[in-house]
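First comes the structure, then the notes that go with it.
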Amino acid sequence: MRLTRIVGSSIIALGLSTVWAETVRELHVFLPDNATWNSSTPMIYEDGQSHALTPDPDHCGWFIRKYVDEEIPNKVVFHTDDDEELRNSIGMGGENSDSLQAIPLADVFQVFASEATFINALYFVADGNRASELPSATKGWFTERPMITGTCSFNLAATIYDTDASLHPSFSCYAAGGEGCQAQSGIAAQDVERAKVLEAINACLGVTTGLVDSTLDKTIKKPKLSAAGKKCFIDDKYFNQLFNYTEGVNEASCFDIPFTRTNHGKWEFNSDNFTSPNLRIPVPGGFFPVEGKTNELVKSYFANQVPAPAARTKHYAEGPIFHGEKLRKIDSTEFVPVFDLTCNGPGWNKGHNCNGLFADAAETETFFKSINSTIDCVFGWSCTDQAPTNWPLFTEGTETKATAGVPRWSSNVSVAEGNGGRNQHFCAEMHSTFRFKNGLKFSISGSDDIWVYIDNKLAIDIGGTHLAAPGYVDVDKFMPNATIGELYDIDIFYCNRRTTSGDLKISTSMLFPKFASGIRVENSRYNTDPQKVSNFNTYKVCRAISDGTSCTPTTIICDTADAPKTMKIRYQLTTDKTGTDATKTLISEAEFTANPIQLNGIFDVSNPMRPVINENKLNETFNPGTYYLIIKIDSDQYVLQLQVKGTTSVAERRVPASITNNFSIAKSGALEITITTEKMNIAKQYAIMDINGHVISTGKLNSSDTRVKVATAGSYIVKVGNNYKRVNIK
């Protein structure tokens with residue numbers, strides 16, 4: 041079926057209604073599977089109103105819009121939540137359409153309703169590459185779901201420093217009568233006096249803020265102990281061991297933390313639903329990333345380190361416990377659980393002062409009920425009827441699942457059944473980047489210390505040994521001067537310093553991209569130079585160097601000052617995505633090198649790591665279509681796709697007379713063709729083809745007349761830019 045022959049006037053002529061009363065209609069859309077869309081909340085624009093799309097929990101990469109007893113709109117496009125002007129929106133033709141055409145959705149449903157396979161749902165593949173791979177009479181549109189999936193997970197590499205209370209004086213064990221494992225013999229780890237250690241342990245019970253400096257050295261990327269922090273960590277020496285390999289004190293390893301996309305569109309890791317690896321008996325719940333280590337495994341992470349078997353000591357452990365329904369309720373403004381918004385900090389000021397809280401369960405319950413008298417349940421052991429769907433139950437005192445029992449497992453070191461406790465007492469550091477956009481949120485909770493730096497400034501400060509405590513950042517307010525589209529650092533530091541549980545939950549609208557070797561390009565959307573007019577797009581070109589393993593730090597070069605002198609960036613503008621067809625080259629590498637500012641300022645690569653594209657001039661000058669700015673560094677290549685949409689008619693398009701791809705041809709001699717172009721032709725190459733379209737010669741255009749010899753008489757096709765002309769040579 042050809043939709044374009046039916047939609048529109050023909051439907052109106054049939055007098056069909058666009059209201060589907062008493063019937064549910066579903067629109068399923070597969071959006072572009074790239075960093076821009078995956079780090080945004082996808083929106084659907086309907087007749088002047090935008091709404092967030094709902095992720096399909098059963099089909100990765102798909103989003104749903106349901107229409108229940110409501111009129112189906114007739115002007116629909118899709119856009120990211122930070123594209124309020126719809127400049128990069130997607131319409132009827134999908135991602136790679138030459139022009140933006142709003143989707144007449146009510147009409148589309150009417151047309152497809154006659155298909156035998158139509159069951160009240162349509163499926164639109166807006167991803168241009170995926171749509172091209174799928175057979176369809178109307179590109180991208182289907183009445184049955186195509187078998188494609190998108191990106192719904194990624195890993196964030198964490199360096200784990202595994203230690204034990206017997207090796208480090210800042211780690212301890214809960215016991216009803218006092219300290220349960222530190223300094224049991226009278227002398228604490230590293231020969232620190234027992235009294236001094238116990239004083240430091242007790243000074244850190246509950247959320248303890250101000251233990252670290254508020255800024256992070258961007259070259260070292262390690263938190264620094266504050267003067268106030270010595271009450272908890274005794275001395276800089278012991279604090280610095282938390283996040284540095286120290287022989288005889290800890291073992292360093294790497295662990296990939298898996299993030300998945302939630303039904304609310306956030307990226308999340310939740311240890312409540314996580315099964316730690318290498319357990320003898322797999323049991324869900326808790327964050328224990330260093331189970332099952334051996335000397336050989338330790339040395340495989342970092343060959344030069346000396347194994348410290350005592351770091352793998354297991355202690356009595358308990359599984360996670362859920363919070364009551366009212367604390368899990370999604371806040372209507374921030375769209376995160378109410379619990380996540382509890383504590384104030386550098387990145388959030390609409391909660392409460394949590395300093396000293398979350399030291400024990402009884403005081404925590406009292407606190408929550410004091411700030412909200414309607415809360416009837418804080419911890420799930422008092423309200424098992426409020427358990428989340430599919431929350432597991434266990435036989436009391438064991439790790440054995442049961443149909444009836446208690447809502448958390450227990451693992452005893454001395455019991456043969458189960459896993460014999462857990463390897464607790466470790467710290468972890470995570471480093472990544474994110475692309476700034478409006479509306480970003482970040483929340484984290486866990487036990488124990490958590491410090492999060494955003495753009496090297498402390499954003500979450502929930503140090504101390506405590507029950508799972510929350511931290512939250514409204515990134516817009518925390519970074520009021522951030523540039524949209526720019527990359528910024530996020531650095532997360534976390535410690536499990538006190539038994540008996542280990543919890544970690546991270547939920548964010550940020551996407552933490554994992555750099556692999558090659559070229560990465562970020563778009564800042566707005567130029568920061570006030571001397572330049574609006575609608576300039578500045579791009580950042582970065583070179584990433586990695587050995588390809590997800591836990592290995594990647595060297596990122598994004599600034600000219602940091603770039604090796606041997607690193608040369610080359611540019612090519614073409615209509616061939618591969619860049620190999622010389623006949624489709626519009627501006628060659630040599631021409632960009634000779635003149636970094638091309639076509640009256642449409643392209644400016646004067647700073648090769650910050651190319652600038654004048655979006656207004658691009659759309660005014662170029663015909664609708666897809667163009668490719670290819671960026672090359674050594675053997676690596678990045679293709680930047682430029683889509684010129686037909687937002688104005690050809691008659692309205694303001695094409696400067698000095699920039700064109702018009703040309704004329706004439707027979708100028710025996711077996712010779714003369715190609716005459718205007719003074720500044722946008723095309724720089726020509727191609728001569730035989731009548732069957734086979735290229736027989738190519739070359740560079742001169743400034744005005746270009747003379748080309750052919751081998752024999754006959755008919756030839758001459759191609760300049762996207763234009764073709766035929767000439768007969770007798």
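Those letters in the sequence shown? Residues 41 to 770, by the numbering used here. Where is the CB? At the ideal position from N, CA and C, for every residue including glycine. Please read these numbers as outputs of a predicted model, since none were measured by experiment.
When you compare only the Cα positions, how much space is there between T618 and D253?
-> 49 Å
Reducing DSSP to helix, strand and coil, say where G445 ends up.
-> coil
Less than 8 Å between the CB atoms is what I'm expecting for T614 and T625, so what's the real figure, rounded?
-> 5 Å
Reduced DSSP secondary structure (H/G/I, E/B, other) of Y356 = coil
Apart from the five residues just before and just after V695, which ones in its own chain have a Cβ nearer than 8 Å to its Cβ?
-> Legend: pLDDT at V695 = 34, less than 50; position of this residue unreliable, value from coordinates given subsequently. Here the set comprises E660 and T661.
Do you know how far the Cα of T716 is from the Cα of Y726?
-> 11 Å
Tell me whether the beta-carbon of T578 lies closer than 8 Å to the beta-carbon of D529.
-> no
Going by the beta-carbon positions, is the gap between E336 and D202 smaller than 8 Å?
-> no
N- and C-terminal bounds of the alpha helix (DSSP H) containing L145 | L145 to F152
Kindly provide the ranges of any beta strand (DSSP E) runs that are 3 or more residues long and lie completely inside the segment 278-353, ordered along the chain.
-> 291-301 and 307-310
Per DSSP, the bridge partner or partners of N577 = I653
Are the beta-carbon atoms belonging to R448 and I361 less than 8 Å from one another?
-> yes
Use the C-beta contact count for D425: other C-beta atoms within 10 angstroms, 16 or more gives buried, fewer gives exposed.
-> exposed
For S755, the three-state DSSP class (helix, strand or coil) = strand
With a 10 Å radius around its C-beta and 16 neighbouring C-beta atoms as the bar for buried, classify K759 as buried or exposed.
-> buried
Just checking, does the segment 511-528 make contact with the segment 269-276 on the three C-beta pairs under 8 Å criterion?
-> no
F211: buried (16+ other C-beta within 10 angstroms of its C-beta) or exposed?
-> buried
In whole angstroms, what is the alpha-carbon distance linking P298 and W421?
-> 28 Å
Determine the burial state of D87: buried for a count of at least 16 other Cβ atoms within 10 Å of its Cβ, exposed for fewer.
-> exposed
Nearest residue (CA-CA) to N430, options N521, K497 and G325 = G325
Three-way DSSP call (helix, strand, coil) for C272 in this model | helix
Are the Cβ atoms of S293 and A357 separated by less than 8 Å?
-> no
Cβ-based burial, N708 [other Cβ within 10 Å; buried from 16] | The sequence given here has Ser at residue 708, not Asn. By the 10 Å Cβ count, S708 comes out exposed.
What residue range is occupied by the uninterrupted beta strand (DSSP E) comprising S708?
-> F703 to G709
Is M550 closer than 8 Å to A198 when the C-beta atoms are compared?
-> no
For the segment 632-681, list the alpha helix (DSSP H) runs that are entirely contained and at least 4 residues long, ordered along the chain.
-> 655-661
Contact check, L658 vs Y668 under 8 Å by CB: the rounded distance?
-> With 8 Å as the limit, L658 and Y668 do not qualify as a contact, their Cβ atoms being about 13 Å apart.
Buried or exposed (CB count within 10 angstroms, at least 16 for buried), K477 = buried
Examine the Cβ distances between the segment 281-290 and the segment 392-409 and report whether three or more of them are shorter than 8 Å.
-> no
Is there contact between the segment 183-200 and the segment 95-107, where contact requires at least three CB pairs shorter than 8 Å?
-> yes
N114 to K390, Cα distance in whole Å?
-> 41 Å
Report, in whole angstroms, the separation of the C-beta atoms of T539 and Y278, which I expect to be a contact under 8 Å.
-> Not quite, the Cβ-Cβ distance comes to about 19 Å (not below 8 Å), so this is no contact.
Strand pairing of P510, partner residues [DSSP] = S485
In whole angstroms, what separates the C-alpha of E125 from that of F518?
-> 24 Å
Enclosing beta strand (DSSP E) for N195 [first to last residue] | S193 to D202
Sequence-distant residues of its chain with Cβ nearer than 6 Å to N310 (five each side left out) = K545
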